[in-house]
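The sequence shown begins at 149 in this note's numbering and counts up one residue at a time.
The C-beta atom is built at its ideal place from N, Cα and C for all residues, glycine as well.
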Amino acid sequence: MRRDVSDALVMTKRNLLKYRRIPTLLLFSTIQPIMFVLLFVFVFGGAVQFGGATNYATFLLPGIFIQTAMFGSTQTGIGLAEDINKGLIERFRSLPMSRSAVLVGRTLSDSARNAFVVVLMTIVGYIVGFRFQGGVIEAAATLILAVLFGFAFSWISATIGLSVRDVETAQAAGFIWVFPLTFASSAFVPTETMPSWLQTFADINPVTFGVNTLRALTFGESATPDLWYTLAWIAGILLVFVPLAVRQYRKAV
149 MRRDVSDALV MTKRNLLKYR RIPTLLLFST IQPIMFVLLF VFVFGGAVQF GGATNYATFL
209 LPGIFIQTAM FGSTQTGIGL AEDINKGLIE RFRSLPMSRS AVLVGRTLSD SARNAFVVVL
269 MTIVGYIVGF RFQGGVIEAA ATLILAVLFG FAFSWISATI GLSVRDVETA QAAGFIWVFP
329 LTFASSAFVP TETMPSWLQT FADINPVTFG VNTLRALTFG ESATPDLWYT LAWIAGILLV
389 FVPLAVRQYR KAV
């Protein structure tokens with residue numbers, strides 16, 4: 149067990165060092181969520197009707213946190229597909245290390261990047277009017293839960309990346325499932341404003357549960373029962389996709 153943890157941390161460090169060598173990777177990871185914050189607040193903020201928040205920025209940011217984590221999770225599959233094409237996965241498999249170390253290291257490093265971006269989004273949000281209306285504990289729980297949400301979805305992305313084994317295909321496949329989940333949710337507008345057929349999907353969408361939980365914590369309100377649904381979705385995704393990703397990793401070369 150100790151060796152598994154050590155191997156995973158080594159792979160995590162290896163992936164994080166890439167951002168120091170190529171800092172533009174981290175730069176471009178932050179530009180998109182910043183653009184979403186600015187566009188939605190200043191373009192749609194005056195038109196979108198919502199309730200329970202002091203301003204649209206405070207309503208919006210929990211959705212941006214989840215969206216950022218979701219979009220960041222797609223990089224897991226892209227990175228693994230790239231490693232396959234470079235022959236790195238084959239080299240890793242020849243080393244005396246845990247089979248899960250490569251996958252855990254990749255998902256942890258991507259989660260660390262997500263954490264950095266979410267914190268940066270919080271700073272940008274405060275500039276445009278966002279405020280945590282709860283306490284410090286609720287604020288910390290909001291950020292941690294957003295990163296944990298992205299961590300779970302990174303395993304879906306890992307399964308896809310190891311299955312398609314092509315960078316461009318992994319990138320395209322990632323956006324196919326991320327866009328419907330994020331935009332057909334309560335991330336940007338209340339689900340009550342949607343057509344009835346779309347609202348039915350949005351109300352059972354795991355992203356909606358995640359956003360509603362973060363929004364309740366942001367407002368300083370009770371997060372139940374959305375919190376339990378969110379944790380159930382996270383646990384269910386990990387239970388299903390961690391074994392699938394490990395299986396695809398064994399078949400990768």
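6 angstroms CB neighbourhood of residue 310 in its chain, flanking five on each side removed: Along the sequence shown, read from residue 1 onward, the residue named residue 310 stands at position 162. Take residue 310, set aside five residues on each side of it, and the residues of its chain with a beta-carbon closer than 6 angstroms to its own are 228, 396, 397 and 400, in chain order.
Simplified DSSP state of residue 399, which is helix, strand or coil: As a position in the sequence shown, residue 399 is number 251, starting the count at 1. Reduced to three states, the DSSP call for residue 399 is coil.
Cβ contact (3+ pairs, closer than 8 angstroms) linking the stretch 264-280 and the stretch 344-364: At 8 angstroms Cβ cutoff, the stretches do not touch.
Environment of residue 329 [buried if 16+ CB atoms lie within 10 Å]: In the sequence shown, the residue the question calls residue 329 occupies position 181. With 16 or more Cβ atoms within 10 Å of its Cβ, residue 329 is classed as buried.
Local conformation of residue 369 per DSSP, three classes: For the purposes of this step, residue 369 is identified with residue 221 of the sequence shown, where counting begins at 1. In the structure shown, residue 369 sits in coil (DSSP, three-state: anything other than H, G, I, E or B).
Alpha-carbon to alpha-carbon, residue 159 and residue 280: The sequence position of residue 280 within the sequence shown is 132, counting from 1. The sequence position of residue 159 within the sequence shown is 11, counting from 1. Approximately 35 angstroms between the Cα atoms of the pair.
Residue 255 versus residue 212: straight-line alpha-carbon distance, rounded: Residue numbering aside, residue 255 sits at position 107 when the sequence shown is read from its first letter. Residue numbering aside, residue 212 sits at position 64 when the sequence shown is read from its first letter. In a straight line, the C-alpha of residue 255 is about 20 angstroms away from that of residue 212.
Top-ranked residue by Cα proximity to residue 246, from 189, 154, 173 and 207: Counted from its first residue, the sequence shown places residue 246 at position 98. Of the candidates 189, 154, 173 and 207, the one whose C-alpha sits nearest the C-alpha of residue 246 is 154.
Nearest-angstrom beta carbon gap, residue 215 and residue 134 [assumed within contact, 8 angstroms]: Past the edges of the chain, shown from 149 to 401, lies residue 134, and the structure says nothing about it.
Contacting residues, own chain, Cβ-Cβ under 7 angstroms from residue 318 (five flanking each side not counted): In the sequence shown, residue 318 corresponds to position 170, counting from 1. Here the set comprises 225, 226, 229, 308, 309 and 312.
Beta-carbon contacts of residue 303 that lie in its chain and below 7 angstroms, excluding the five residues immediately before and after: Here residue 303 refers to the residue found at position 155 of the sequence shown. Here residue 303 has 255, 385, 386, 389, 390 and 393 as same chain residues with Cβ atoms under 7 angstroms from its own Cβ, once five neighbours each way along the sequence are excluded.
Proximity to residue 325 [Cα-Cα], best of 181, 219 and 171: On the sequence shown, residue 325 is found 177 positions in, with the first residue counted as 1. Comparing Cα-Cα distances from residue 325 to each of 181, 219 and 171, the minimum goes to 219.
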